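Report on the structure given below.
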Amino acid sequence: MLTFTLRRISLFIFTMLVLTLLSFSLSFLFPGDTVINHSGQINATASELVQLNKAYQMDKSIVDQYGAYLTHILNGDFGQSMASQSPINNEIIELLPATIELSLVALLIAMVVGIPLGFIAAINHNKASDNVILSLAMLGYSIPVFWLGLLAILVFSIGLGWLPSAGQISLLFEIEFVSGIQFIDILLSDSPYKWQAFSNASAHIILPACVIALAPATIFIRLSRAAMIEVLAASYIRAARAKGLSFQQIIFRHAIRNALIKIIRHVGLQFANLVTIAMVTEVIFSWPGIGRWLIESIYQRDYTAIQSGLLVLSCFIFIIHILTDFIYAALNPLARGNQHGS
Amino acid sequence: MVVSTMSFKPTLPLLISAFVSLLTGCNEANKLSLSERSIIYCSEGSPETFNPQLSTSGTTTDAIAKQLYNSLIVYKGHNNILGPSLAKDWHVTRDGKKITFYLRQDVRFHQTNYFTPTRLFNADDVLFSFNRILDKSHAFHHVSGGQYPFFQSIKFDELVEKVEKINDFTVRFILTRNDSSFLANLATDYASILSAEYGEKLFIENTPHKIDILPVGTGPFKLKDYRVGSLIRFYRHDLYWQEKAKIEQLVFDISPSKTSRLTKLLAKECDVSSYPIAHAKIAERSDLLLESITSLNVGYFGFNTKKQPFDNKLVRQAISLAINKQAIIDTVYHSKAARAKSILPKTSWAYDSNTPELGYDPVRAKSLLEVAGYPQGFTMDLWAMPVQRAYNPNAVTMAKLIQADLKKIGVKVKIVSYEWSTFLRRLSLGEHQSFLLGWNADNPEPDNFFTPMLSCSASENGNNRTFWCNEEFDQLLQKALKTTNMSTRKSYYAQAMAIISEEIPLLPIAHSKRFQARGTDVEGDILSTFGGISFYQASKTKLTSEPQNIAKPDKSKKVSN
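Top line first, the protein sequences correspond to chains A and B. When you line the first sequence up against the working numbering, it's residues 515 to 856, in that order. When you line the second sequence up against the working numbering, it's residues 83 to 643, in that order.
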């Protein structure tokens, strides 16, 4: 396990280095002055510019410049947003938790719905229910998320009036910012309307989370179906059946556990996909997360924000990826010995 | 065997649906109490400042002026008569140069988490507020840029010689000349009263700029929280000097996208929405109400009276007679505007219903053209403004309609349009023959329509793009400003409008309306004819448990004027 951990950590460090190199080079590729792209200080005075050039070591070689850039990032200094002129790390700290919250809830929904459906399809392999589930999964996978989001608002918010269409919580509730994860903040707050706020926030998250969850859920269906079919064909299942175990015993004691391990490997991969979908969905549902902020930054040509936003988001996705790898390795001893990693 | 394993399948969707119904169910039942005491307003933009003295932008005025502040005097009622506010009474000397205000003695400033007032409102606050604008050496004059656009446009510093404190609750304004629009200007949202005590505190703390960011006023609401581009939260000012506001919390949900405002309105996430789109859709819903108010503005078709052929009065009359205003209103304004008889809208107190209006009469137009010496017609250019404004939502379409109308009397129209700033610059150089433009009034004072738009001085260096200059007209405006007798003034303005109808330097087309949509559970006036919106009177009725009313209320289609 130690080598496994070390290998993952070194992979993480190198990937992050490559990513920072990319975001560093973006400052040169974007139009405008490099040091202003780094720092975001578009209204800097002459003396401030001199200071900035010094801080980012612009007069030295490109390697020194990269070193200075890395030092800034490691110190948590992403510069200022060109649009709002406030420090980017403050904005990210305020916005990232909302995205994490939304993506995790969506991931949960995708797994809770997708995996059992995939298992059902596999158990009824080549029967009508299998075909129905597979076709639905295909259909769900083909629906573009921006269209689905608008449709969901049209039907559930405007038509039926069941669920709200925008934001994280009704603006009437004042929830103090502690962790940024709305549900935790609500529970920590001493508002007299705590439980109303909680249910209101839950109602707000349902639509966007379900919209995001659809595409990953269909992938989970196909993954879990394939995994289950593979497991059911394995010799130990045949042995169990020969021993006279009932079908339920076989499925719940042996098949599901072994199939789940195979699926967990893919959760990290799916998460990257899910965050991409979440960015579009945040715009549609006015969710105050980092995806919407990043897309707005693109509109406003806020290069500093684009750079740092990309860096933080990819870092976040990578951490999730590694975490799922760890979980997979912890559950499946076979994976730890794998010399070449995946 | 297979069937038995499927027993868990239906439980999952069932569980989810139970969860959803639980959440939405209790959500509706419990939130009622809080939502009943609050109003969420979907506004179109963020305010630039929290001090009305510093801005003339409609969005800013809407958000802050009437919510947070009071002026010394206000316009009241449907006739827009000046009434007391922070000043309970006032007295104007016979020469009109000394105006004394007697202040209320029971007015409290907001207590917020950044300031606790220790005294009541008094003369010092009035002096502080106005000296900030007038006195260039005042400690706060240059804070936040030192620009007071409204007061600069009316040349307030030339008009007011000084502001004196007679005693703690009496203030006197000494003017350099008699000006009957003075009181009207003091009654605007821009002449809000700030707290001198708060100013002192900030001055000592060396953070004077906070006075325009963290406001302290006397208005019915106080600021609780503001997040740029996201929301403004107001709490009720419980010690308001009048009866306190009916709602406890007012939230501005800043939603610049018009479709998102519509969605939020339809999904009941906001109670009131500014500038709604899809009027027909809102009107057909029984739970929503579309209201409108004729604002103090005018969209017009102007002629360059310094250029051929529009230097001839007869030609201007002929062209005006040939234009079908009603068709323009139906097409360009979607019938949602009032036809303009003259430049003053009906909501102005000086409006005179007897003002003559040139009708639509192409036959007479043709004969007038012949008299003027253009029996074969002529070719003209028409400059259409490239941007959308409340007073003219689509100038190019309007220009096309005018083009078609004028073709009938043999006049060929070339439509010209430039980018907005170029358009205005070239217009001021007088390169045009005719143009489409409009005017938005800053206050109910009728002079605000006449002097800036059509006076001789405005033709030299102002907004008079018709370059029309009429001595008699100008004298009438001067006389109207020198008297304070409302009916005398009204008659002067009526005469001035008669001159406009006769001379036709411009053809007033429409007074457009301002729209707002709200849920039927929100009661009380919010929109006003001029100046910012006010939520002081707004309240909410209890929502009925039945989702739909059996009988469609008549209210849903009523459009109030």
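For each residue, glycine too, the CB sits at the ideal point set by N, CA and C. Source: prediction; values computed, not measured.
Shortest alpha-carbon distance to residue i belongs to which of the options?
i, options, result
"S598(A)", "S822(A), F542(A), Q814(A) and T838(A)", "Q814(A)"
"V225(B)", "F285(B), L241(B) and A327(B)", "F285(B)"
"T534(A)", "D816(A), I556(A), T585(A) and I809(A)", "T585(A)"
"N195(B)", "E243(B), K304(B), L150(B) and A273(B)", "K304(B)"
"Q229(B)", "S125(B), I215(B) and L241(B)", "I215(B)"
"T334(B)", "A145(B), D487(B) and F212(B)", "Correcting the residue type first, residue 334(B) is Phe in the shown sequence and not Thr. The shortest Cα separation from F334(B) among A145(B), D487(B) and F212(B) belongs to A145(B)."
"F238(B)", "I248(B), A221(B) and I256(B)", "I256(B)"
"P475(B)", "Y442(B), Q399(B), I581(B) and R596(B)", "R596(B)"
Does any CB atom of chain A fall closer than 8 Å to the CB of residue i?
i, result
"K350(B)", "yes"
"N631(B)", "Caution applies to N631(B), whose pLDDT of 40 falls short of 50 and renders its modelled position unreliable; the model cannot decide the point."
"T345(B)", "yes"
"S274(B)", "no"
"T626(B)", "Unreliable placement is indicated for T626(B), whose pLDDT of 49 sits below 50; no coordinate value is reported for it."
"I364(B)", "no"
"I405(B)", "no"
"I293(B)", "no"
"S226(B)", "no"
"D335(B)", "yes"
"L116(B)", "yes"
"L313(B)", "yes"
"I122(B)", "yes"
"S342(B)", "yes"
Can you list, in chain order, the residues of its chain whose CB lies under 6 Å from that of residue i, leaving out five sequence neighbours each side?
i, result
"A266(B)", "N525 and E527"
"T732(A)", "A651, G654 and Y655"
"K428(B)", "none"
"L728(A)", "G654"
"I804(A)", "L609, L610 and T613"
"E240(B)", "none"
"F233(B)", "I215"
Once the 5 residues before and after residue i are set aside, which same chain residues still bring their CB inside 8 Å of it?
i, result
"K292(B)", "Y196 and L284"
"S510(B)", "R547"
"G165(B)", "I155, V156, Y157, K158 and G159"
Using DSSP with H/G/I as helix, E/B as strand and the rest coil, what is residue i?
i, result
"R186(B)", "coil"
"D839(A)", "helix"
"H291(B)", "helix"
"T479(B)", "helix"
"P629(B)", "Residue placement at P629(B) cannot be trusted, given a pLDDT of 42 that sits under 50; what the coordinates show is reported in the next sentence. DSSP places P629(B) in coil when its eight states are reduced to three."
"R398(B)", "helix"
"T194(B)", "strand"
"C124(B)", "strand"
"T611(B)", "coil"
"I720(A)", "helix"
"Y574(B)", "helix"
"R521(A)", "helix"
"K179(B)", "coil"
"Q229(B)", "coil"
"S274(B)", "strand"
Does any CB atom of chain B fall closer than 8 Å to the CB of residue i?
i, result
"G803(A)", "no"
"A680(A)", "yes"
"Q710(A)", "yes"
"S800(A)", "yes"
"Y842(A)", "no"
"L686(A)", "yes"
"S649(A)", "no"
"I667(A)", "yes"
"I672(A)", "yes"
"Y707(A)", "yes"
"G593(A)", "no"
"G675(A)", "yes"
Nearest chain D C-beta to residue i closer than 8 Å, yes or no?
i, result
"Q331(B)", "Absent from the structure: chain D. Protein chains present are A and B."
Which same chain residues end up closer than 7 Å to residue i when comparing Cβ atoms and leaving out the 5 residues on each side of it in sequence?
i, result
"D369(B)", "G601 and T602"
"L105(B)", "Caution applies to L105(B), whose pLDDT of 47 falls short of 50 and renders its modelled position unreliable; the value that the coordinates give is listed next. None."
Are residue i and residue j close, meaning C-beta to C-beta below 8 Å?
i, j, result
"F316(B)", "L332(B)", "yes"
"E126(B)", "S356(B)", "yes"
"A202(B)", "R190(B)", "In the sequence as displayed, the identity of residue 202(B) is Leu instead of Ala. Taking 8 Å as the Cβ cut-off, L202(B) and R190(B) qualify as a contacting pair."
"I647(A)", "L662(A)", "no"
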